[in-house]
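Asker: My structure is below; once you've seen it, I'll send some questions.
Chains as they are written, first to last, in my numbering: chain A, 1 to 685; chain B, 1001 to 1685.
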């Protein structure tokens, strides 16, 4: 009875609301300025919002906003209405409507004032209002007194005007519905350019009515109709997102030649490429018929895609077909083109004229930066800030994608540390600094399916979005991760499957077996980084290879390992409390014992079996960690033999297996080092 | 080093494939006959399937089948093709194509033979082939040597020809996309009728072009256009599912009168009903203009919905408007209609003639069974097998829905035990037995949103599907649950959100707090049963009430509680091993301690706070369970005072709080009884 009484006391305590220090709001990207007020604005079923009735784009945006707000708070479709400005609780004011097609450099600033009696969002443009609505949505949360937004004043504007996400839909086709939910994710974190990589060696993904063999023979039937493209573009516009199409040329273009071999620099026939890499087929820059084709094709696409910018790729041209073609060699001699770079420069200039003729401004990857390139061409750098700065010095505007390749499986912190104005671009000033338009997160899709694409993009793209939106001095990594975990959960509500696809992918591996033990393993591994997946593949992967293995289910960045690292740091620093030490110990024990639990599943499934060497590593490493923990807690000085044995275990575990890495390895190594100072246990990863 | 060596040994053992006793395949519904063979058919990227090229419906079905198979195995879109019969690995043979519109009673039988070299599916109709394809999909699983289907021969056919799922889209509107994924779920478990409850007091959900004020004023703008209806019907057809529309009349029809008050039996004006229950507004059966309206309306809908059957509702007529209307009373006298039932009988007969005129066969709920009702009207019973049998004895065909109401939150086992030919219908023979067409799972949507609807239907509807498809003697409840857990995971792949919506709904409750402790609580509670939710509501819920509370997130049947019950049974029987006892103990301890972990979350969120009394009950009950476990293990005979104290705790916990129940209560009560035999601790729930 005493215990029951205690429980009641505790319960009563829970009912008292306790004054707490105000925490910073969990916004991502962080606004330029946040000033917290007191009180909160209630979000109940009677919440209303209003904006200029004569701004249809804003009215649509308010409708979408309410849908999101209802979903976020669990209100039914009958709650929360758009109303007129006199009676609305939340009033949205814009100086002028934005253009239907969002444009680079439009004013995206906004001011959001929330008090306990209402809220006002003020923006120069509809676009700015859209950004402010997303901020409001992120602030909405359960509180002791219902759903609410805390009182505050936010003044906000983007640091860079071009904040993109590129998705490669050629190497693996990604259906429109999947793209749409990713556009929702982009809008939530204020990314404003969807760069659609539509053609490559492995597939031509847009319907051309003028050249129907492009998609007819170059796509395996996996392409977007023009109606679907228009629908997607409109969907993006309604969320304030520009859509920039990319048709990669003169390289990365095998899929064009399946239907139109005459465009290539070597004799056909051609087949859709199934492998990954840089391939030989290249457009013939010496034939006028190439430019006639491109003129008609680009004209068609320029009408389909309303954005002012048009990306022609231009990366990784393999000169082999040019080298092998006497006619092309002769052309180069005749025109004084001394090497393939110069020939590509000639091609790019010709294409630029076509793009310009159709009213567009050209973009290309790094390699398009050649002497004579018209100054308004925008250069997208995958090579680094130095080439970005070089483009700026030569009078071009440019975008950074180096450091933002999501397919390289880097942790969010590493992307977050990359600044378009850092490193080689840090010396830029004035106009040259202004010429750095921003950057784009990129997802190349060699190992990406509709099932796992969201997990390859989210939540890490949100960290890049913050780098591109927020002031440069917003760079506290721990606070970033706190907010990233929060936004990670928020993005679920948009239908993104980065979280929800995880267990089903593991369940597929275990079949009817209990997914639990496999999840324990999957939680602490990450896919290998950079281009290691192809470098260490036992059999070459192609576009036919199933994406159903541990490496596909594993998340690019292990949250479990990150939290574990935090605990280890405390232990090694001697500042961990007993609860943390106990938790560390039980976690390590469960990892050690997981091998035994996985055994029966491995006997049932080849996909689990492939993961067993990783599980064995985990077991060994966890045991090493437990021994190190003992040693640290007892202040022992272990024999050299122990340290040597641990070094062997760590070295073995450092070898990637099944194309995944044990993400807890650096932390366990720290533990071992923590108890064997002065002994050689190898470097911390 | 010894340990590392051991790990390697264990790893090696895992790589040997061990001969195991063959288990029954995890199919749901279980086929009529399964004969297991030896070996397995590999499902790799080169897998092919073929069926008659001159059967377009079959070709479409094969395309959908391959999409599902690729998703299930994680293959890319370029793998696994439809090919021609000579070279295919899997050949599908049908005697004849089914009609475009599936019909009641079509042959759905099939024979599936799988060997290590190939598979053959033989069916009289395309519909039968569709059912067999779903069986094949359920068999596909990861094995030690890749994905495969085990060799076996299955001979299968349904026990009942009408196996339905009714969804009420009036009380809460459910978007088309949500319905489509539920049709996918239906197809997976061989349900073949989607009964679409399209109008009720709370909303009229279909566009009528002839009477546009029906949806224009009766739906809050939440309705399906005719194009959407056609699209959904086609989607269902492609999955072998009939679509039967229901327009409820003469009661449950307030939404009609908002736009057309002249149809009602009392003076208007009318407003869309926001509350739940049985309401006064009722159609006027005495006016010829009513039938003229219905003739035009039913004619329009008969053309929109191609199925032969047309549901007119007819349930729960509240006679108050009739009683209060002198003109109607006079009409009854004049026509010798002695009571409201007789008046409804008159109305139903008139409507039946209209339905028949438009080429359809009428369906109605129990109450339509009145003298003089034409014999081909099908009666759907929500009252029980006795009324089902009564309909059969009167020469009607009938359907059981009593016992299959999913919104009552019963466990799957309880639905599973309900047989259309059980109880009051068990004495039927011959033609009368044949007249029992099957049954329908029903979801009334008072507390159902697009977010939680899937969890209210799945996986429990699969147990009902098995009852209606499989032979009557398939009724091992434990085996059913084993397979139900399996199909529960499989259904994830179809995009159903019954699993994936759970954590986000809890996360909404905790905001930025850790969802873990709330999940521990949510895992062991269930929404209150039957109609208790409205009976014990503190404030009346309406169509505006948010569905964002613990009761909405909680699953209708707690798997955790079910597994816990299994462990408790072993302990009480004295047959639990030490691992089970240890697990039981640590589980109870974590429940006891969960209250402390939830406290800080409760201080942050009103939604968590509401759940704290439940958490307190859980803590108390878990402590009681731990004490009982001690007592059982030590073979103690506790004092009566202890038993009395536990009875108080249990009695308190039995009171529903926050509209949820502690699902572990019966098991803990068993534990307490197990250690206090002879002492009064109250009845096991």
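Yeah, the Cβ is synthetic: ideal placement off N, Cα and C, and Gly gets one too.
1. Counting C-beta neighbours from all protein chains within 10 Å, is the total for residue 1173 (chain B) 16 or more, i.e. buried, or is it exposed?
2. How long is the line joining the alpha carbons of residue 56 (chain A) and residue 1222 (chain B), rounded to whole angstroms?
3. Which bits of chain A does residue 1026 (chain B) rub up against, with CB to CB less than 8 Å?
4. Can you list, in chain order, the residues of its chain with a C-beta nearer than 6 Å to that of residue 37 (chain A)? Leave out the 5 residues immediately preceding and following it.
5. Name the two residues that bound the continuous beta strand (DSSP E) containing residue 527 (chain A).
6. Short of 6 Å in beta carbon distance, which residues of its chain neighbour residue 395 (chain A), apart from the five on each side in sequence? Order them along the chain.
7. Based on the DSSP output, what are the partners of residue 1110 (chain B) in its beta bridges?
8. Quick test of your reading: residue 255 (chain A) and residue 201 (chain A), contact by CB under 8 Å. State the CB separation rounded to the nearest angstrom.
9. Identify whether residue 415 (chain A) lies in helix, strand or coil by the three-state DSSP scheme.
10. At what residues does the beta strand (DSSP E) containing residue 75 (chain A) begin and finish?
11. Compare the C-beta of residue 227 (chain A) with all C-beta atoms of chain B and state if any pair is closer than 9 Å.
12. Three or more C-beta pairs under 8 Å: does that hold for the region 1468–1475 of chain B against the region 1028–1046 of chain B?
13. Alpha carbon to alpha carbon, how far is residue 1560 (chain B) from residue 1089 (chain B)? Give it in angstroms, no decimals.
14. Relative to chain B, which residues along the region 426–459 of chain A have a C-beta separation below 8 Å, given in chain order?
15. Where does residue 1666 (chain B) sit, in a helix, a strand or coil, going by DSSP?
16. So, for residue 61 (chain A): in the same chain, excluding its five sequence neighbours on each side, which residues have a beta-carbon less than 6 Å away from its beta-carbon?
17. Assess contact between the region 1097–1105 of chain B and the region 1304–1311 of chain B, defined as three or more Cβ pairs (one per stretch) separated by less than 8 Å. Is contact present?
18. If contact means a Cβ-Cβ distance below 8 Å, which residues of the region 1583–1607 of chain B contact chain A?
19. How about residue 81 (chain A) and residue 137 (chain A): are their beta carbons less than 9 Å apart?
20. Could you check where the alpha helix (DSSP H) with residue 1389 (chain B) kicks off and where it finishes?
21. Please list the terminal residues of the continuous alpha helix (DSSP H) segment that includes residue 591 (chain A).
22. Please list the partners that residue 546 (chain A) has in chain B, where partner means a Cβ-to-Cβ separation under 8 Å.
23. With a threshold of 8 Å, establish whether the CB of residue 1272 (chain B) neighbours any heavy atom of the ligand ADP.
24. As an exercise, report each continuous alpha helix (DSSP H) stretch of at least 4 residues that is fully enclosed by the region 429–475 of chain A, in chain order.
25. Return the Cβ separation of residue 1452 (chain B) and residue 1505 (chain B) in integer angstroms, given the expectation that the two are a contact with Cβ distance under 8 Å.
26. Assuming residue 1257 (chain B) and residue 1211 (chain B) make a contact with CB atoms under 8 Å, what is their CB distance in whole Å?
27. Is the number of C-beta pairs between the region 1273–1281 of chain B and the region 1222–1233 of chain B that are closer than 8 Å three or more?
28. Please list, in chain order, the residues of the region 1137–1152 of chain B that have any C-beta partner in chain A closer than 9 Å.
29. How about residue 1615 (chain B) and residue 1521 (chain B): are their beta carbons less than 9 Å apart?
30. Please classify residue 531 (chain A) as buried or exposed, where buried requires at least 16 other C-beta atoms within 10 Å of its C-beta.
31. Alpha carbon to alpha carbon, how far is residue 514 (chain A) from residue 384 (chain A)?
32. Could you pull the DSSP bridge partners for residue 196 (chain A) from this structure?
33. Answer yes or no: do residue 1247 (chain B) and residue 1285 (chain B) have a C-beta to C-beta separation smaller than 9 Å?
34. Note down, in chain order, every chain B residue with its Cβ under 7 Å from the Cβ of residue 237 (chain A).
35. Identify the contact partners of residue 222 (chain A) in chain B, using a Cβ-Cβ distance below 7 Å as the criterion.
36. Is the Cβ of residue 274 (chain A) closer than 9 Å to any Cβ of chain B?
Answerer: Per the coordinate set shown:
1. buried
2. 21 Å
3. 512
4. 151, 152
5. 525–527
6. 375
7. For residue 1110 (chain B), which the question treats as bridged, DSSP gives the partners B:1123, B:1156.
8. 6 Å
9. helix
10. Taken as a continuous stretch (DSSP letters only), residue 75 (chain A) belongs to no beta strand (DSSP E), as it is neither H nor E.
11. no
12. Yes, the region 1468–1475 of chain B touches the region 1028–1046 of chain B.
13. 42 Å
14. 449, 451
15. helix
16. 130
17. yes
18. 1595, 1596, 1598, 1599, 1602, 1603, 1604, 1605, 1606, 1607
19. no
20. Judged by DSSP secondary structure, residue 1389 (chain B) falls within the alpha helix (DSSP H) whose first and last residues are 1385–1393.
21. 578–604
22. 1045, 1073, 1074, 1075, 1076, 1079
23. Looking for the ligand ADP in the displayed structure turns up nothing, as the structure carries no ligands at all.
24. 430–434, 453–457, 460–469
25. 7 Å
26. Between residue 1211 (chain B) and residue 1257 (chain B) the Cβ distance is about 12 Å, and since that is not below 8 Å, they are no contact.
27. no
28. 1141, 1142, 1143, 1144, 1145, 1146, 1147
29. yes
30. exposed
31. Going from the Cα of residue 514 (chain A) to the Cα of residue 384 (chain A) covers about 45 Å.
32. A:167, A:245
33. no
34. The premise fails here: residue 237 (chain A) is roughly 22 Å from chain B at the closest Cβ pair, so nothing lies under 7 Å.
35. Result: 1077.
36. yes
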